[in-house]
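A short write-up of the structure that comes next.
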Amino acid sequence: MNPIFKILSNLGNQVTSRIWRLGSATRLFLLTLIYSGESFKRIHLTIREIYFTGVMSLIIIVVSAFFVGMVLGLQGYYTLQKYGSSESIGVLVALALLRELGPVVTALLFAGRAGTAITAEIGLMKATEQLSAMEMMAVSPIARIIGPRFWAGVISMPLLASIFSMVGVMGGYLVAVPIIGVDHGAFWSQMNVNVDFRFDVINGLIKSFVFGIACTIIALYEGYDAPPTAEGVSRATTRTVVTSSLTVLGLDFILTSFMIAH
Amino acid sequence: MAQKNIVEIKNLSFGYGNRMLHKDINMVFPRGKVTAIMGGSGCGKTTILRLIGGQIKPKAGQVAVDGKIVHKQDRQGIYKLRRKMGMLFQHGALFTDLSVFDNVAFPMREHTKLPESMIRDLVLMKLNAVGLRGAHKLMSTELSGGMARRVALARAIALDPDIIMYDEPFAGLDPISMAVICDLIRTLNDALGATSIIVTHDVEEAFSFADYIYFVADGLVAAEGTPKELSKSKLPFVHQFVHGEKDGPVPFHYNAPSYKKDIYEPI
Chain Z
551 MNPIFKILSN
561 LGNQVTSRIW
571 RLGSATRLFL
581 LTLIYSGESF
591 KRIHLTIREI
601 YFTGVMSLII
611 IVVSAFFVGM
621 VLGLQGYYTL
631 QKYGSSESIG
641 VLVALALLRE
651 LGPVVTALLF
661 AGRAGTAITA
671 EIGLMKATEQ
681 LSAMEMMAVS
691 PIARIIGPRF
701 WAGVISMPLL
711 ASIFSMVGVM
721 GGYLVAVPII
731 GVDHGAFWSQ
741 MNVNVDFRFD
751 VINGLIKSFV
761 FGIACTIIAL
771 YEGYDAPPTA
781 EGVSRATTRT
791 VVTSSLTVLG
801 LDFILTSFMI
811 AH
Chain P
11 MAQKNIVEIK
21 NLSFGYGNRM
31 LHKDINMVFP
41 RGKVTAIMGG
51 SGCGKTTILR
61 LIGGQIKPKA
71 GQVAVDGKIV
81 HKQDRQGIYK
91 LRRKMGMLFQ
101 HGALFTDLSV
111 FDNVAFPMRE
121 HTKLPESMIR
131 DLVLMKLNAV
141 GLRGAHKLMS
151 TELSGGMARR
161 VALARAIALD
171 PDIIMYDEPF
181 AGLDPISMAV
191 ICDLIRTLND
201 ALGATSIIVT
211 HDVEEAFSFA
221 DYIYFVADGL
231 VAAEGTPKEL
241 SKSKLPFVHQ
251 FVHGEKDGPV
261 PFHYNAPSYK
271 KDIYEPI
C-alpha cells in the first residue's frame, strides 16, 4: 500500500473512531438523563456515591487547596509589593481561586481521584459480567449504576470546588498576614469590596458544575465502554485522566471567554 | 393456552461482522425439561443464551420465548420477558459490593414491593435450597468459586423463573462442587416446575442430568438427541467430543500452511 495512503487512512480511522466515541458518550449522557427519574427513586445509592466520590476526595482537595493558597500568597505578594499594592493580596488570592484555580484544580484532582475509581469500578463490573447480570434481571445498569454515580459527581464537584476556594483563601491569608505581615483588615476588606458574588463566585460555581458533568460522564463512559480485560480496564483508566484533564482545560477556556465577554 | 415449547429457535443466523457464528439453527426447549447445549469452546453456545435473553439480535431467523419473538420486543417487552428468566453466569457475576443476602434479595427488591420481613424469609429459603443459608452474612468476595456459583443460582431462582439458563455452570469447579451444582440443576428444575437450558462442554455431567442435548459445531446443530441416543452415536464429531479424542473432525492444529513450508521457507 502507498505509504501516504496508509498514513491518510490511519488518520481517517483515528478521526472517525473519535467522532464515534464522542457520539456514543453523548448517547450515554442522554440515556443517563432520561433514566434519572429511576435513579432518583433509589436516592440512597446517589447519597452513597456522594460519600465515595465527594467526601472521600476531601483530604486531597483540602491539602492541595491549602498549598495552592499559600503559594498564591507568596507569589502574589512578591509581585504586588513591587507596585506598592501588597494590600491587594487578598483580592488576588480570592479571584484566582474563585474564578480559575478552584474549579480547574478541583476538576483535575477529581478526575485523578474519583474519575479513575469510577472507570475502574464500572470496567471491572463489566468484565465480571455484573452489568450483564443486572440487564438479565431486567434492571437497567444505566439507572442503577451509571445514574447515581453521575449525579453524585455533578453534585460533589461544585461543593468540592467551593471548599477548595475557601481553604485556598485560608492558605493565602496564613502566608500573607501572620507570616509576611500584610494588614489583616486590608486583606479582608479589599477582598470584600472587589469580589463580586454574581460574576466571580457564581461563575466559578457554573464552571465547576460543567466540569462535574464532563469529568463524571467521561469516567463513566470510559468504564462502560472498556474492553472486558485487565489491559482494557487499565487503558480506560488512563484515558479517563487524559481526556478529563484536556476537556476541563478546553472547557475552561470556552467558559471563561463567554463569562468575560458577558 | 401455554405453549408446549417455552423457547423456540427458528432458522437462526447470527455473527459478528462477516464471521457467521450460527447458520440456520433450529432448537426447541420443551417446558419442564432440562436441555443441554454442547460444543467446543468458541462455537457460540453462550451466544445462544444471550439471544434468548434478548441481549443481542439475530441476523436472520427468530427466537421466541413463551410465544413472543424476542428481537421484536421493545425494551419494556424484553424486560418483561426477562422477569420470567433466571440466568447463572459462568463465574456467578455476583455484585461484589453486596453481601450474599443482598445479592439474592436484589431481584426481589427491584421487582416486588414485598415487605423486608418477607424478603428475608424468601432469601433464606432460596439460600437454604442451595445449602448456603449459613453464609448469608458473608460478602460475595469471601466466597469460593463453588459457593459463589451456588449463591448466583439462588439469585437466579429468586423470583421463581419459568426458564433457568446456565452458562458453563461447571467451569473451574472441584469435583464436589460440580456434583452439588449438578444435583441442584435437576432438583431445582423439578421443584420449581421450570425449564432449564444449560450451556456446557462437560460431557459426563450433561449426560447424567439432561433430558435432551444439542451439539453445536461450525455454526450448525451437528447432532441432537437424548443422552442415551447420543452416547451410541456414530457421528464422527459426537464420537470425538464424547470420548474426548484430540484429533478428528475438530482438528488438533489451527489452520496453517504446510509444516515443511513454514520451517524451510524464509519469512
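Residue numbers (our numbering), protein chains in the order written: chain Z, 551 to 812; chain P, 11 to 277.
From the three backbone atoms N, C-alpha and C, an ideal C-beta is built for every residue, glycine too.
(1) May I ask you to report which of helix, strand or coil DSSP gives P:Ser23?
(2) Taking CB distances under 7 angstroms as the criterion, tell me whether P:Ala103 reaches chain Z.
(3) Verify the CB distance criterion: does P:Arg93 have a CB-CB separation below 7 angstroms to chain Z?
(4) With respect to the beta strand (DSSP E) encompassing P:Leu230, which residues constitute its N-terminal and C-terminal limits?
(5) Check P:Ser206 in the structure and name its three-state DSSP category.
(6) Would you mind giving the Cβ-Cβ distance between Z:Ser682 and P:Gln86, rounded to the nearest angstrom? I have them listed as a contact below 8 angstroms.
(7) Just mark P:Ala46 as buried or exposed, buried being the case when its beta carbon has 16 or more other beta carbons within 10 Å.
(8) Can you tell me where the beta strand (DSSP E) holding P:Asn36 begins and where it ends?
(9) By the criterion of Cβ-Cβ separation under 9 angstroms, what are the contact partners of P:Pro117 in chain Z?
(10) I'd like to know whether the C-beta of P:Gly63 is nearer than 7 angstroms to at least one C-beta of chain Z.
(11) Please state whether the Cβ-Cβ distance between P:Pro68 and P:Leu31 is less than 7 angstroms.
(12) Can you tell me the Cα-Cα spacing of Z:Phe747 and Z:Gly640, whole angstroms?
(13) Compare the Cα-Cα distances from Z:Ala677 to each of P:His101, P:Asp172 and P:Glu152 and report the closest residue.
(14) Starting from P:Leu46, follow the beta strand (DSSP E) in both directions and report where the run begins and ends.
(15) Measure the alpha-carbon distance for Z:Met684 versus P:Tyr26 and round it to whole angstroms.
(16) Taking Z:Cys765 as the reference, give the member of Z:Thr669, Z:Val732, Z:Asp775 and Z:Met716 with the closest Cα.
(17) Below 8 angstroms, can you find three or more Cβ-Cβ pairs linking the region 629–639 of chain Z to the region 552–570 of chain Z?
(18) Please report how far the alpha carbon of Z:Asn552 lies from the alpha carbon of Z:Ser559, in whole angstroms.
(19) Quickly, what does DSSP pair P:Asp177 with across the bridge? List them, please.
(20) Between Z:Glu650 and chain P, is there a C-beta pair that is closer than 7 angstroms?
(21) Between the alpha carbons of P:Ala74 and Z:Ile705, how many angstroms are there, rounded?
(22) Pick from P:Asn15, P:Asp34 and P:Leu91: whose alpha carbon is nearest that of P:Gln72?
(23) Going along the chain, which residues of its own chain have a beta-carbon closer than 7 angstroms to the beta-carbon of P:Lys136, five neighbours each way excluded?
(24) Let me check one thing: in DSSP terms, what residues is P:Ile79 bridge-paired to?
(25) Can you confirm whether Z:Ala664, when its beta carbon is compared against all beta carbons of chain P, has any partner nearer than 7 angstroms?
(26) Which same chain residues end up closer than 6 angstroms to Z:Gly652 when comparing Cβ atoms and leaving out the 5 residues on each side of it in sequence?
(27) On the criterion of 16 or more Cβ atoms from any shown chain inside 10 Å, does Z:Tyr601 qualify as buried, or is it exposed?
(28) When Cβ atoms are compared, which residues of the region 119–137 of chain P fall closer than 9 angstroms to chain Z?
(29) Give the DSSP-derived three-state secondary structure of P:Ile16 in the structure shown.
(30) So what's P:Gly96 in DSSP terms, helix, strand or just coil?
(31) Count the other CB atoms within 10 Å of the CB of P:Thr122; is the residue buried (16 or more) or exposed (fewer)?
(32) With distances taken Cα to Cα, identify the nearest neighbour of P:Arg41 among P:Phe217, P:Leu202, P:Val248 and P:Glu215.
(33) Looking at chain Z, is there any beta carbon in it that lies within less than 7 angstroms of the beta carbon of P:Tyr89?
(34) Whole angstroms are fine: how far does the CA of P:Ile208 sit from the CA of P:Leu59?
(35) Tell me the residue span of the beta strand (DSSP E) that contains P:Ala365.
(36) Does the separation of the CB atoms of Z:Ser794 and Z:Gly697 fall below 7 angstroms?
So, to answer that:
(1) Residue 23 of chain P sits at position 13 when you count from the first residue of the second sequence. Note: P:Ser23 maps to strand in three-state DSSP.
(2) For the purposes of this step, residue 103 of chain P is taken as the residue at position 93 of the second sequence. Closer than 7 angstroms: yes.
(3) Taking the second sequence and counting its residues from 1, one reaches residue 93 of chain P at position 83. It does: the Cβ of P:Arg93 has a partner Cβ on chain Z nearer than 7 angstroms.
(4) Here the question's residue 230 of chain P lines up with position 220 in the second sequence. Leu230 to Gly235 is the span of the beta strand (DSSP E), which, as asked, contains P:Leu230.
(5) Sequence index remark: in the second sequence, residue 206 of chain P carries index 196 (1-based). Three-state DSSP puts P:Ser206 in a strand.
(6) Numbered from its first residue, the first sequence carries residue 682 of chain Z at position 132. Numbered from its first residue, the second sequence carries residue 86 of chain P at position 76. Incorrect: roughly 19 angstroms between the Cβ atoms, too far for contact.
(7) Locating residue 46 of chain P in the second sequence gives position 36, counting from the first residue. Buried: at least 16 other Cβ atoms inside 10 Å.
(8) Taking the second sequence and counting its residues from 1, the one referred to as residue 36 of chain P is at position 26. Where P:Asn36 is concerned, the enclosing beta strand (DSSP E) stretches over Arg29 to Pro40.
(9) Indexing the second sequence from 1 puts residue 117 of chain P at position 107. Those within 9 angstroms of P:Pro117 in chain Z are Met687, Ala688 and Val689.
(10) What you label residue 63 of chain P is simply residue 53 of the second sequence in a count that begins at 1. Yes, its Cβ sits closer than 7 angstroms to a Cβ of chain Z.
(11) Locating residue 68 of chain P in the second sequence gives position 58, where the first residue counts as 1. Locating residue 31 of chain P in the second sequence gives position 21, where the first residue counts as 1. No, they are not a contact pair.
(12) Residue mapping note: residue 747 of chain Z aligns to position 197 of the first sequence, counting from 1. Residue mapping note: residue 640 of chain Z aligns to position 90 of the first sequence, counting from 1. Answer to the nearest angstrom: the Cα atoms are 15 angstroms apart.
(13) Taking the first residue of the first sequence as 1, we reach residue 677 of chain Z at position 127. Cα-wise, what sits closest to Z:Ala677 is P:His101.
(14) As a first step, residue 46 of chain P must be located in the second sequence, where it is residue number 36. According to the sequence as given, residue 46 of chain P is Ala; it is not Leu. Unbroken beta strand (DSSP E) run through P:Ala46: Val44 to Met48.
(15) Here the question's residue 684 of chain Z lines up with position 134 in the first sequence. Here the question's residue 26 of chain P lines up with position 16 in the second sequence. For Z:Met684 and P:Tyr26, the distance between alpha carbons rounds to 24 angstroms.
(16) In the first sequence, residue 765 of chain Z corresponds to position 215, counting from 1. Put simply, of Z:Thr669, Z:Val732, Z:Asp775 and Z:Met716 the residue whose alpha carbon is nearest the alpha carbon of Z:Cys765 is Z:Thr669.
(17) no
(18) If you number the first sequence from 1, residue 552 of chain Z lands on position 2. If you number the first sequence from 1, residue 559 of chain Z lands on position 9. One C-alpha to the other measures close to 10 angstroms.
(19) In the second sequence, the residue the question calls residue 177 of chain P occupies position 167. When DSSP reads this structure, P:Asp177 sits in a beta bridge with P:Val209.
(20) Walking along the first sequence from the start, residue 650 of chain Z turns up at place 100. Not closer than 7 angstroms to any Cβ of chain P, the Cβ of Z:Glu650 fails to qualify, so no.
(21) Locating residue 74 of chain P in the second sequence gives position 64, where the first residue counts as 1. Locating residue 705 of chain Z in the first sequence gives position 155, where the first residue counts as 1. Each residue's alpha carbon lies about 44 angstroms from the other.
(22) Within the second sequence, numbered from 1, the residue matching residue 72 of chain P stands at position 62. Nearest of P:Asn15, P:Asp34 and P:Leu91 to P:Gln72, Cα basis: P:Asp34.
(23) To locate residue 136 of chain P, count along the second sequence from 1; it is residue 126. For P:Lys136, where only same-chain residues beyond five positions count, the Cβ hits under 7 angstroms are Val114, Ala164, Ile167 and Ala168.
(24) Indexing the second sequence from 1 puts residue 79 of chain P at position 69. Answer is P:Ala74, bridged to P:Ile79.
(25) The count along the first sequence starts at 1 and reaches residue 664 of chain Z at position 114. In terms of beta-carbon proximity, Z:Ala664 stays away from the interface with chain P, with every pair separated by 7 angstroms or more.
(26) Residue numbering aside, residue 652 of chain Z sits at position 102 when the first sequence is read from its first letter. Within the same chain, and ignoring the five residues on either side of Z:Gly652 in sequence, the residues whose Cβ sits closer than 6 angstroms to its Cβ are Ala711, Phe714, Ser715 and Gly754.
(27) Locating residue 601 of chain Z in the first sequence gives position 51, counting from the first residue. Exposed.
(28) Glu120 and His121
(29) By one-based count along the second sequence, residue 16 of chain P stands at place 6. Under the three-state reduction of DSSP output, P:Ile16 falls in the strand class.
(30) Looking up residue 96 of chain P in the second sequence gives position 86. If DSSP states are grouped into helix, strand and coil, P:Gly96 belongs with the strands.
(31) Counted from its first residue, the second sequence places residue 122 of chain P at position 112. Label assigned to P:Thr122: exposed.
(32) Within the second sequence, the letter at position 31 stands for residue 41 of chain P. Per the Cα distances, P:Leu202.
(33) In the second sequence, the residue the question calls residue 89 of chain P occupies position 79. Yes, P:Tyr89 lies at the interface with chain Z (some Cβ there is under 7 angstroms from its Cβ).
(34) Counting from 1 along the second sequence, the entry for residue 59 of chain P is found at position 49. Counting from 1 along the second sequence, the entry for residue 208 of chain P is found at position 198. If you take the alpha carbons of P:Leu59 and P:Ile208, they lie about 9 angstroms apart.
(35) Past the boundaries of the shown model lies residue 365 of chain P; chain P is included only from 11 to 277, so the question cannot be answered.
(36) Position 244 of the first sequence, counted from the start, is the residue given in the question as residue 794 of chain Z. Position 147 of the first sequence, counted from the start, is the residue given in the question as residue 697 of chain Z. No; because the gap between Cβ atoms is not below 7 angstroms, this pair is not in contact.
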